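Below is one structure, written out as structure tokens, with a few remarks after it.
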Amino acid sequence: MPERAPRPVDVALFVPCYVDQLAPEVGLATASVLERLGCQVSFDPRQTCCGQPFVTTGAHAEAVRLARAHASVFERAEAVVCPSASCVATVRRRYADLLGAAQAEPIAARTFELGEFIVLRLGTSDVGAVFPHRVALLESCHGLRELGLGRPSEKSGVADDAVGITERLLRGVTGLELRPVTRRDECCGFGGAFSVGFPELSARIGRDKLRALAESGAEYVTATDASCLLHLEALRAREGFGPRAIHLAEILASRAGG
Amino acid sequence: MSAALDRRALELLPAGPRLVSHDAAVFALREKRDVAARAEPDFERLRDHAREAKAFALDHLDLNLERFEARATAAGACVHWAEDAPALNRIVHELLDARGARRVVKSKSMLTEECGLNPYLESRGVEVVDTDLGERIVQLGHEPPSHIIMPAIHRTREDIGALFARELDVPAGETDPARLTEAARRHLRGHFLGAEAAITGANFAVAESGTIVVVTNEGNADLGMSLPPLHIACLGIEKVIPGLADLAVFLRLLARSATGQPISVYTSLVTGPRPGGELHIVLVDNGRTRLLADEHHRRALGCIRCGACLNTCPVYRRAGGHAYGYAIPGPIGAVLAPALGGTDERRSLPLASTLCGSCSAVCPVKIDLHEQLIAWRATDVPRGRRERVLARIAAAVFESPALYRAAGRVARLVWPALSRRWLGNPASAWLVSRELPAHPGASFRERWHARVRGAGP
Numbered sequence: 001m002p003e004r005a006p007r008p009v010d011v012a013l014f015v016p017c018y019v020d021q022l023a024p025e026v027g028l029a030t031a032s033v034l035e036r037l038g039c040q041v042s043f044d045p046r047q048t049c050c051g052q053p054f055v056t057t058g059a060h061a062e063a064v065r066l067a068r069a070h071a072s073v074f075e076r077a078e079a080v081v082c083p084s085a086s087c088v089a090t091v092r093r094r095y096a097d098l099l100g101a102a103q104a105e106p107i108a109a110r111t112f113e114l115g116e117f118i119v120l121r122l123g124t125s126d127v128g129a130v131f132p133h134r135v136a137l138l139e140s141c142h143g144l145r146e147l148g149l150g151r152p153s154e155k156s157g158v159a160d161d162a163v164g165i166t167e168r169l170l171r172g173v174t175g176l177e178l179r180p181v182t183r184r185d186e187c188c189g190f191g192g193a194f195s196v197g198f199p200e201l202s203a204r205i206g207r208d209k210l211r212a213l214a215e216s217g218a219e220y221v222t223a224t225d226a227s228c229l230l231h232l233e234a235l236r237a238r239e240g241f242g243p244r245a246i247h248l249a250e251i252l253a254s255r256a257g258g
Numbered sequence: 259m260s261a262a263l264d265r266r267a268l269e270l271l272p273a274g275p276r277l278v279s280h281d282a283a284v285f286a287l288r289e290k291r292d293v294a295a296r297a298e299p300d301f302e303r304l305r306d307h308a309r310e311a312k313a314f315a316l317d318h319l320d321l322n323l324e325r326f327e328a329r330a331t332a333a334g335a336c337v338h339w340a341e342d343a344p345a346l347n348r349i350v351h352e353l354l355d356a357r358g359a360r361r362v363v364k365s366k367s368m369l370t371e372e373c374g375l376n377p378y379l380e381s382r383g384v385e386v387v388d389t390d391l392g393e394r395i396v397q398l399g400h401e402p403p404s405h406i407i408m409p410a411i412h413r414t415r416e417d418i419g420a421l422f423a424r425e426l427d428v429p430a431g432e433t434d435p436a437r438l439t440e441a442a443r444r445h446l447r448g449h450f451l452g453a454e455a456a457i458t459g460a461n462f463a464v465a466e467s468g469t470i471v472v473v474t475n476e477g478n479a480d481l482g483m484s485l486p487p488l489h490i491a492c493l494g495i496e497k498v499i500p501g502l503a504d505l506a507v508f509l510r511l512l513a514r515s516a517t518g519q520p521i522s523v524y525t526s527l528v529t530g531p532r533p534g535g536e537l538h539i540v541l542v543d544n545g546r547t548r549l550l551a552d553e554h555h556r557r558a559l560g561c562i563r564c565g566a567c568l569n570t571c572p573v574y575r576r577a578g579g580h581a582y583g584y585a586i587p588g589p590i591g592a593v594l595a596p597a598l599g600g601t602d603e604r605r606s607l608p609l610a611s612t613l614c615g616s617c618s619a620v621c622p623v624k625i626d627l628h629e630q631l632i633a634w635r636a637t638d639v640p641r642g643r644r645e646r647v648l649a650r651i652a653a654a655v656f657e658s659p660a661l662y663r664a665a666g667r668v669a670r671l672v673w674p675a676l677s678r679r680w681l682g683n684p685a686s687a688w689l690v691s692r693e694l695p696a697h698p699g700a701s702f703r704e705r706w707h708a709r710v711r712g713a714g715p
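Structure, rendered in structure tokens:
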């Protein structure tokens, strides 16, 4: 059973624009997991976009304006929790360049990726979820390398049996069988604007990922980022093979029979 | 809309067995690197040390260069300074011409690729023979290297067999690597013995002793330097490091990061000319001081050209080096190209990345490669008027929650049309290889609002 946080934590949901528009169920699942763990969850509708697409396309002035707006929406929040590692990485790793270190530090320190918040802040890796399926984990690059949610395969000096945060949560899910994937932390090829400017290269990387995931024998692929998953779904729809995508939040929100 | 690199990848490395084997061959290098890195308990500490040593060397590059020149000169070498590629090419040609040297053996040097030295010399009647096996393969095939340490990695053994059957003394259909290598060795031996000059690059130059350091696996640079009377070494100014103690750190990282070897087969330290010979060292700027003055990007000068960032890059492995259109492909090439490459197309190379960050994670001197790509996008990547206007409009929409909600409703209406292929569909690039996912019908905020109203606070 889930351990409760010592006192209810007020959580401000940070629902990235593309989750809001294209994967609303991920936002709802995030809220329900957090509520089940005893958090007081709110959503401020003034939020729109953290600015990431502007950072990655070099639209610096626009990125600064959106970062400023995003920071002001969450100015008073105790904890800001987001079901997208790359948006959290934008706040934590890019805002210092956009807003200056002094402006960026407070919002960066209070913004968490969902799994990271549950494990590090609420102190549990068992959320009481039940998901009796074979699942492959796609370690989203920004979660893995910019937030440290896993152990990148490039790193030496890390114990071989060290388990990342996302993986720990999945291991805590009743009935879930985690399947190993070849080249487990190779990128899915999405890269936001990259997939538009370099559609062939992006698809080549994505198809290889889809193939590796299919070979793992998993029924589902999960990730901390709906963007990677949407990319894989878009390829799967064309290719006609590969595991179905399901966001980490949706697995954590699953209950028996649900 | 799609970038030149994407179009050229389709043309130069079409999907199929060749693409599969390129990706596999390059990724195998990355895996060897991982094994070697894990077998060296100090690997991460070495990377930290190397990063600091390079930063220190670059912070004091002026002093290091002067000291290097003084010590190398004292040891009997002759030091030349080249401001740019034409200056390097001219200096080398004059040195050869003054001695009547027309037959040159050359060992691998990415700097001379960057500066176009081979075509310059060849058009002036100098025969230049690349002696690194991979380099010789691409030279015989009249193509540039596609990787900075594995120049012919885009070629299969069947390709090389066919090439050698045409160009060397090899029976048609030969694909055995040992026999092909033996044929290249016999062929090159003649060129070594007949050479009137040797041109090499250098992996490092040591200021305290005036030494240049040349690292190879084939010994071809050593043989070149040992036979003809004239040795010309060409190197970028960033190669100069303060002392031999630093060299020890870099050597432990270089081969491990490149191929997974604990150390390269040949590591030669050259201090002054050999008796009766001449040693000329050409120090080349070609945009490097501009990079040095740029506080965001100067760390890129710390690159020791191991190729690890290419090997790990998901984009490089699927594109092949030639698609980049620049001597140095992959993440480090995309970071250097805006400063050293010149053209608009090269200044756009920082876009050729998913920003997965694996390059930064493998770099032995810890260059923050993917962050440098992001920084270049904001400052130097050419942005067209259409892109700038679209970014401004998109930002205005995101800045107003009401406009954003309205835009979401419009997107939902046009979504079915975007999902079909038609001329001028802004989503068409995506639809070449993918389907647009179904629109969920309602946004999160709409459903949240309904939930709050339905369930009460």
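As you go down the protein sequences, you meet chains A and B in turn.
Counting from 1, one number per residue, gives the positions in the first sequence under our numbering.
Counting from 259, one number per residue, gives the positions in the second sequence under our numbering.
Every residue, glycine too, gets a C-beta built ideally from N, C-alpha and C.
Because the structure is a prediction, the values reported are computed rather than measured.
Nearest to residue 316 of chain B (by Cα), restricted to the options B:272, B:632, B:623 and B:487: B:623
For a test of the three-state rule: what should DSSP assign to residue 491 of chain B, helix, strand or coil? strand
Are the beta-carbon atoms of residue 100 of chain A and residue 224 of chain A separated by less than 8 Å? Not closer than 8 Å, so no.
Best match in B:482, B:268 and B:702 for proximity to residue 446 of chain B [C-alpha to C-alpha]: B:482
Terminal residues of the continuous beta strand (DSSP E) containing residue 312 of chain B? Residue 312 of chain B -> not in any beta strand (DSSP E); alpha helix (DSSP H) instead, spanning 301–317.
Proximity winner among A:130, A:251 and A:46, relative to residue 66 of chain A (alpha-carbon distances): A:46
Out of B:367, B:294, B:298 and B:488, state which residue places its alpha-carbon closest to the alpha-carbon of residue 356 of chain B. Ranking the options by Cα distance to residue 356 of chain B, first place goes to B:488.
Which two residues bound the contiguous alpha helix (DSSP H) that contains residue 72 of chain A? 60–73
Cβ neighbours of residue 681 of chain B in the same chain (closer than 8 Å, five flanking residues each side left out): none
Identify whether residue 259 of chain B lies in helix, strand or coil by the three-state DSSP scheme. Per-residue confidence for residue 259 of chain B stands at a pLDDT of 48, beneath the threshold of 50, marking its modelled position as unreliable; the derived number appears in the next sentence. If DSSP states are grouped into helix, strand and coil, residue 259 of chain B belongs with coil.
Between the stretch 172–186 of chain A and the stretch 133–146 of chain A, can you find at least three pairs of beta-carbon atoms closer than 8 Å? Yes: at least three Cβ pairs fall under 8 Å.
Tell me which residues share the same chain as residue 399 of chain B and place their Cβ nearer than 7 Å to its Cβ, disregarding the 5 neighbours each side in the sequence. Excluding sequence neighbours, residue 399 of chain B sits near 421.
Residues of its chain near residue 245 of chain A, where Cβ-Cβ distance is below 6 Å and the 5 sequence neighbours each way are ignored: 221, 229, 232 and 233
From the DSSP output, which residues share a beta bridge with residue 338 of chain B? B:540
CB contact flag (residue 147 of chain A, residue 88 of chain A, <8 Å): With respect to residue 88 of chain A, residue 147 of chain A sits close: the two C-beta atoms are nearer than 8 Å.
Counted within 10 angstroms of its Cβ, other Cβ atoms place residue 300 of chain B as buried (16 or more) or exposed: exposed
Note down, in chain order, every chain A residue with its Cβ under 9 Å from the Cβ of residue 659 of chain B. 45, 46, 47 and 48
Step through the CB atoms of chain A and report whether any lies within less than 8 Å of the CB of residue 716 of chain B. Here chain B has residues from 259 to 715 only, and residue 716 of chain B is not among them.
Where does the unbroken beta strand (DSSP E) through residue 432 of chain B begin, and where does it stop? Run containing residue 432 of chain B: none; DSSP gives neither H nor E here.
Can you give, in chain order, each stretch of the beta strand (DSSP E) that sits fully within the stretch 107–170 of chain A and has at least 3 residues? 111–113 and 134–137
Taking only the alpha-carbon atoms, compute the straight-line gap between residue 501 of chain B and residue 530 of chain B and give it to the nearest angstrom. 16 Å
Contact with chain B by residue 58 of chain A, beta-carbon distance below 8 Å: yes
Going by CA-CA distance only, name the one from B:292, B:268, B:277 and B:692 that's closest to residue 239 of chain A. For residue 239 of chain A, the closest of B:292, B:268, B:277 and B:692 by C-alpha to C-alpha distance is B:692.
Below 8 Å between beta carbons: does that hold for residue 702 of chain B and residue 28 of chain A? yes
What residues in the stretch 580–591 of chain B have a beta carbon less than 9 Å from any beta carbon of chain A? 581
Where does residue 95 of chain A fall in DSSP's three states? helix
Checking contacts by CB at 8 Å: is residue 263 of chain B closer than that to chain A? Yes, because at least one Cβ of chain A sits closer than 8 Å to the Cβ of residue 263 of chain B.
Using a Cβ-Cβ cutoff of 8 Å, what residues of the stretch 445–466 of chain B are near chain A? List them in chain order. none
Chain-order list of residues whose beta-carbon lies under 7 Å from that of residue 330 of chain B (same chain, five-residue window excluded): 337, 468 and 539
So, helix, strand or coil for residue 228 of chain A, using DSSP? helix
For the 8 Å Cβ check, are there 3 or more pairs between the stretch 263–275 of chain B and the stretch 52–64 of chain A? Contact fails: fewer than three Cβ-Cβ distances are below 8 Å.
Can you round the beta-carbon distance between residue 201 of chain A and residue 242 of chain A to whole angstroms, since I take them to be within the 8 Å contact cut? Not confirmed; about 19 Å, so no contact.
Length of the line joining the Cα atoms of residue 333 of chain B and residue 306 of chain B: 33 Å
Buried or exposed (CB count within 10 angstroms, at least 16 for buried), residue 688 of chain B: buried
At which residue ranges does the stretch 466–517 of chain B contain complete beta strand (DSSP E) runs of 3 or more residues, listed in the order of the chain? 469–474 and 488–494
So with Cβ pairs under 8 Å, would you call residue 292 of chain B a contact of chain A? Residue contact check for residue 292 of chain B against chain A: a CB pair falls below 8 Å.
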